[in-house]
Each structure stands twice: as structure tokens, then as C-alpha cells.
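Order-wise, the sequence lines are chains A and B. Start counting at 1 in the first sequence, then tack on 8, and there's your number in this note's numbering. Start counting at 1 in the second sequence, then tack on 37, and there's your number in this note's numbering. Glycine included, C-beta positions come from ideal geometry on N, C-alpha and C. First the structure, in the form of C-alpha cells, and then the observations on it.
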Amino acid sequence: MAHITINGKVVKAHEGEMLLAVIKRLGIDVPALCNHEAIEPTGNCRLCMVEITRPEWEGWKKNVTSCLYPVEDGLIVNTHTPELLEIRKTLLDLQLARCPNSELIQKMAEEYGVHETSYIANVEGDNCIMCYACTRICEVLGKSAISAVMRGQKKVIAPPFGEEPVDCIGCLACAQICPTDVIPYEDKDGIRTIWKKKFELVTCKNCGKTIVTRDFADYLIEQRRIPHEYFETCDDCKRLELAKKMGGLITKAAEVAV
Amino acid sequence: MKYRFEIIPSLCIGCRTCELACAFSHAKDKKPGRSRIYPLAYAPDKYVPVVCLQCDDPACVKSCMFNALKRNEETGAIDLDEERCVKCMACVAACPFGCAMVDAGHDEIVKCDICKGNPACVQFCPTKALVYNKV
Ligand code: FES
């Protein structure tokens with residue numbers, strides 16, 4: 009256990025956990041866009057910056073991304089200094105220029121007093137903030153089907169050569185994790201389309217409900233050794249099956265008792 | 038594991054009080070959550086309360102590529118870490134008993150967490166078909 013001071017209050021935290029986790033736990037409102045527990049932090053969006061210092065630093069301070077800064081005993085953290093507010097404002101102003109159509113960015117910028125970007129708005133942009141959450145989660149999954157391509161202003165997240173990503177299994181993790189919801193997908197008539205690739209959805213053999221793609225199910229069956237029968241029916245039908253199976257046992261037990 | 042969750046189907050009358058208790062105890066943003074327990078009929082007027090069995094070798098845990106599901110040693114439940122969950126639905130598809138579900142209202146995956154050691158369904162079950170005991 010480490011003791012750190014956040015905004016004047018001494019709190020307990022686990023040595024080594026990231027400052028942002030502690031800040032969130034305390035309910036302090038520090039914006040963060042690119043952070044997710046399932047992926048390694050990379051500090052791409054810079055919004056989660058906080059000021060840190062220590063008594064022995066003799067007044068010296070520095071601003072760090074809290075999602076990347078591990079807790080150390082005795083750390084003194086401030087989350088809302090005028091300088092930090094200014095930094096976040098500038099960052100959100102820039103994000104708003106990049107993603108003028110993103111409702112999330114608009115809302116966050118609004119909270120920091122940016123009603124309109126002071127830079128040139130990229131109206132035709134796609135709302136991607138280049139946080140790499142999608143590529144990072146795909147990597148965790150063991151696929152790395154998408155990545156950043158091109159450089160500078162032209163940089164985008166895309167499958168290799170802009171073609172259907174060979175390694176993609178249509179699990180949707182990228183679309184789900186995207187903070188600004190810019191990865192489009194569609195589930196229609198038993199087919200999922202994402203990254204322009206089409207996937208067959210596993211259809212419940214009883215009721216026709218679909219949950220995951222055939223490729224994702226096969227990946228789980230192979231990687232995690234899950235029996236393939238588990239994927240044949242949907243959750244609703246499986247609950248009913250369980251009730252019937254247990255019911256059967258009860259009936260049998262009752263017969264035996266008689 | 039210090040406690041065991043028991044289901045005694047012969048005592049269940051299908052009143053669905055457990056469903057209500059579950060939905061309300063998992064309310065968020067002033068909205069009830071999706072119930073994690075369902076008394077389902079296997080014959081006319083005969084019910085089995087279907088709820089996560091917290092398996093010894095859980096398919097949901099195996100299926101989660103992001104380690105969002107873990108055994109809580111205190112309660113014995115498999116807990117879902119919402120912060121880690123990316124809603125890929127692997128667990129929903131993989132659970133052989135259909136006990137990992139989608140709560141569409143809150144846009145999240147849900148499963149029984151034994152209410153962190155104080156199960157609401159057990160407290161409200163009028164016939165004591167649900168029991169949570171120390172082992
Ligand atoms: S959340 Fe820390 S840099 Fe984005």
C-alpha cells in the first residue's frame with residue numbers, strides 16, 4: 009500500500025497501479041479518451057495529464073499522463089491546476105478541429121469552454137482521434153488485423169493495403185472500444201460486415217438468434233479449447249435447455265423415490 | 038471459496054420475485070438492470086431458477102480474450118470486470134448455460150455476481166428455493 013496526496017487529500021493506493029485508476033476510483037473528473045483496462049496504456053490522447061510533485065523536489069513540479077504514471081508512495085498529485093485546465097482546453101480544441109462532428113468530443117470540449125475550434129475544422133474528417141485503442145485491442149486478441157497506415161496528416165487506421173483484412177475474425181472489439189465510435193459495422197441477415205469484410209454469424213439452431221461470427225467462435229474453440237457444441241445455441245435457448253435438463257433430473261429422482 | 042449458492046428447484050413456485058430483486062439490485066442510472074436469474078418452466082407449473090452456476094472450469098473465463106472474467110475467492114462468483122470488458126460477446130456465446138447475457142438497456146454484458154456476497158434473490162425468495170450458505 010502506498011499513500012499519495014490527491015488534491016490535498018491523502019489516499020491509499022496500490023504501489024504500481026496507474027494514477028488514473030486511483031483518480032477514477034475517487035470519482036475525480038479527469039478526461040481520458042485512449043485508456044481502457046483491457047489494453048496497455050500508451051498515453052496517446054494526453055487528456056489525462058495531472059501535475060505531480062514530491063516534498064523533496066523543493067517546489068519542482070511536472071505534468072504527466074496519469075494513465076501511464078505508476079503510483080509511488082509520497083506522491084503529491086493535483087488534477088485541476090490552471091495550467092492543466094489550459095492544456096486540456098488546447099488539446100480538446102485540437103481534437104475538435106480534427107473531429108468536429110464527434111458528439112463526444114463536442115461535449116468534452118464544451119465542458120472546457122471550447123464551443124468552436126480555434127483551428128481549421130476538418131469537416132470531412134472521420135472523427136478518429138488516433139488513439140490506437142482499436143489496434144491495441146486487436147493485438148491483445150492476437151490478431152493485429154488493422155494498423156495505422158500512411159504518415160502525418162494522411163495517417164489512418166486501416167487494414168493492410170486497404171483490402172479486406174485477412175486476419176480479422178469480426179469480433180467487433182475494435183468497434184466496441186473506439187471512444188468516438190467511428191468504426192462502422194453492420195449485422196444483417198446473418199452476415200456481419202466490418203472493415204468491408206463479410207462474416208457469417210453463428211445462428212442458433214433453435215431460434216435463429218445470432219451472437220458472434222463463425223470465425224470468432226472457431227478462434228475461441230481452437231485457442232481456448234471450448235467445446236464447439238456450446239456455440240450451437242443462443243443464450244436464451246441454453247437457459248431453457250438447462251431448466252429442462254434439471255427438470256428431467258428432478259422428475260427422475262421423484263420417480264426413483266416412489 | 039467460503040460460501041455456496043444453492044438452488045432447490047422443488048421449492049420454486051415460479052413467482053419471479055428473484056428476477057425483480059435481481060433487476061433492482063443491479064439498477065444503474067435510475068434504471069433496473071437485466072435480471073441475471075430466471076425461473077423457467079420445465080413442465081406445467083414446475084420451475085427451475087436458472088442462474089449462473091459459477092462453474093469450476095468456466096467456459097466464460099476461458100472465452101474472454103481480455104481477462105475480464107475472474108473468480109472472486111471471497112464469494113466464489115465469477116466476476117465481470119466492466120472496465121476490462123469490451124463487449125465482444127465471447128462469453129455470451131460460450132457459456133453452455135446461457136448465463137452471460139446482454140443488458141441492452143445499459144449496453145453491457147451481465148452475469149450473476151452473487152451480489153458481491155449478499156445475494157438479493159436469496160433474501161427475497163419466499164419459499165427458500167435459493168440458499169446461500171457458508172461451507
Ligand atoms: S488517457 Fe492518458 S493519454 Fe489518453
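Quiz item: For a contact meaning CB atoms closer than 8 Å, what does residue 153(A) contact in chain B?
Solution: Here the premise fails: no neighbours, minimum Cβ distance about 13 Å.
Quiz item: Is any beta-carbon of chain B found at less than 8 Å from that of residue 193(A)?
Solution: no
Practice problem: Find the nearest neighbour of residue 81(A) within the set 259(A), 195(A), 18(A) and 123(A), judged by alpha-carbon distance. | Solution: The option with the nearest alpha carbon to residue 81(A) is 18(A).
Quiz item: Is it the case that the CB of residue 73(A) approaches a heavy atom of the ligand FES more closely than 7 Å?
Solution: Yes, the ligand FES has a heavy atom inside 7 Å of this Cβ.
Exercise. Would you mind sorting residue 231(A) into buried or exposed? The rule is 16 or more other CB atoms within 10 Å of its CB.
Key: exposed
Quiz prompt | Proximity of residue 46(A) and residue 28(A) at Cβ, strictly below 8 Å | solution = no
Quiz item: Nearest-angstrom Cα distance between residue 41(B) and residue 84(A)?
Solution: 44 Å
Practice problem: Please name the residue, chosen from 188(A), 149(A), 138(A) and 150(A), that lies closest to residue 166(A) on a Cα-to-Cα basis. | Solution: 138(A)
Self-check item: residue 136(A) at chain B interface by Cβ criterion, 8 Å
Solution: no
Quiz prompt | Min CB distance residue 258(A) to chain B below 8 Å | solution = Under the Cβ criterion of 8 Å, residue 258(A) is counted among the residues facing chain B.
Quiz item: From residue 206(A) to residue 176(A), what does the alpha carbon distance come to, in whole angstroms?
Solution: Taking the CA atoms as reference points, residue 206(A) sits about 10 Å from residue 176(A).
Quiz item: Among 159(B), 134(B) and 111(B), which has the Cα closest to the Cα of residue 89(B)?
Solution: 134(B)
Quiz item: Given residue 158(B), which residues of its chain have a CB within under 6 Å of its CB, disregarding the five upstream and five downstream residues?
Solution: 55, 58, 59, 74 and 167
Exercise. Use the C-beta contact count for residue 16(A): other C-beta atoms within 10 angstroms, 16 or more gives buried, fewer gives exposed.
Key: The residue in question, residue 16(A), is exposed, as its Cβ has fewer than 16 Cβ neighbours within 10 Å.
Quiz item: Is residue 114(B) near the ligand PLP, judged by its Cβ being under 7 Å from some heavy atom?
Solution: This structure lacks the ligand PLP; the ligands present are the ligand FES.
Quiz prompt | Where residue 134(B) meets chain A, residues with beta-carbon distance less than 9 Å | solution = Near residue 134(B) (Cβ distances below 9 Å), the residues of chain A are 243, 246, 247, 249 and 250.
Self-check item: Exposure of residue 72(B), with buried meaning 16 or more beta-carbon neighbours within 10 Å
Solution: buried
Quiz item: Per DSSP, residue 138(B) forms a beta bridge with which residues?
Solution: 147(B)
Quiz item: Going by Cα to Cα distance, which pick from 129(A), 38(A) and 145(A) is closest to residue 116(A)?
Solution: Closest in C-alpha terms to residue 116(A), from the list 129(A), 38(A) and 145(A), comes 38(A).
Self-check item: Beta-carbon neighbours of residue 232(A), restricted to chain B and to distances below 7 Å
Solution: 99 and 100
Practice problem: Compare the beta carbon distance of residue 229(A) and residue 96(B) with 8 Å and say whether it is the shorter of the two. | Solution: no
Quiz item: Using a threshold of 7 Å, is the CB atom of residue 54(A) nearer than that to any non-hydrogen atom of the ligand FES?
Solution: yes
Quiz item: Quick one, which of 110(B), 77(B) and 113(B) has its alpha-carbon nearest residue 273(A)'s?
Solution: Look at the range of chain A in this structure, 9 to 266, and you will see that residue 273(A) is not part of it.
Exercise. For residue 143(B), collect the residues of the same chain with a Cβ closer than 8 Å to its Cβ; drop the 5 residues on either side in sequence, then sort them by chain order.
Key: These residues qualify, in order along the chain: 65, 66, 68, 70 and 71.
Exercise. Round the Cβ separation of residue 153(B) and residue 136(B) to the nearest angstrom and send it over; I've been treating them as touching at under 8 Å.
Key: Not really, about 17 Å apart at Cβ, beyond 8 Å.
Self-check item: Whole-Å CB distance - residue 101(B) paired with residue 130(B), under 8 Å assumed
Solution: 11 Å between Cβ atoms; not a contact.
Quiz item: Three-state secondary structure (DSSP) at residue 91(A)?
Solution: helix
Quiz item: Looking only at C-alpha atoms, which of 65(A), 186(A), 63(A) and 173(A) sits nearest to residue 202(A)?
Solution: 173(A)
Practice problem: Please state whether DSSP places residue 158(A) in a helix, a strand or coil. | Solution: Residue state, collapsed to three classes: coil.
Quiz prompt | Start and end residues, alpha helix (DSSP H) containing residue 229(A) | solution = Taken as a continuous stretch (DSSP letters only), the alpha helix (DSSP H) holding residue 229(A) covers 222-232.
Quiz item: On the three-pair Cβ rule with 8 Å, is the stretch 104-118 of chain A touching the stretch 85-95 of chain A?
Solution: no
Quiz prompt | Nearest to residue 113(B) (by Cα), restricted to the options 94(B), 125(B) and 123(B) | solution = With distances taken between Cα atoms, residue 113(B) lies closest to 94(B).
Practice problem: Can you give me the Cβ contacts of residue 21(A) inside the same chain, cut-off strictly under 6 Å, excluding the 5 residues immediately before and after it? | Solution: 10, 12, 30 and 79
Quiz item: In this structure, does DSSP put residue 71(B) in helix, strand or coil?
Solution: coil
Self-check item: Proximal residues of chain A, C-beta to C-beta of residue 129(B) below 9 Å
Solution: 219, 220, 242 and 243
Quiz item: Who are the neighbours of residue 118(B) on chain A, taking C-beta pairs under 8 Å?
Solution: 45
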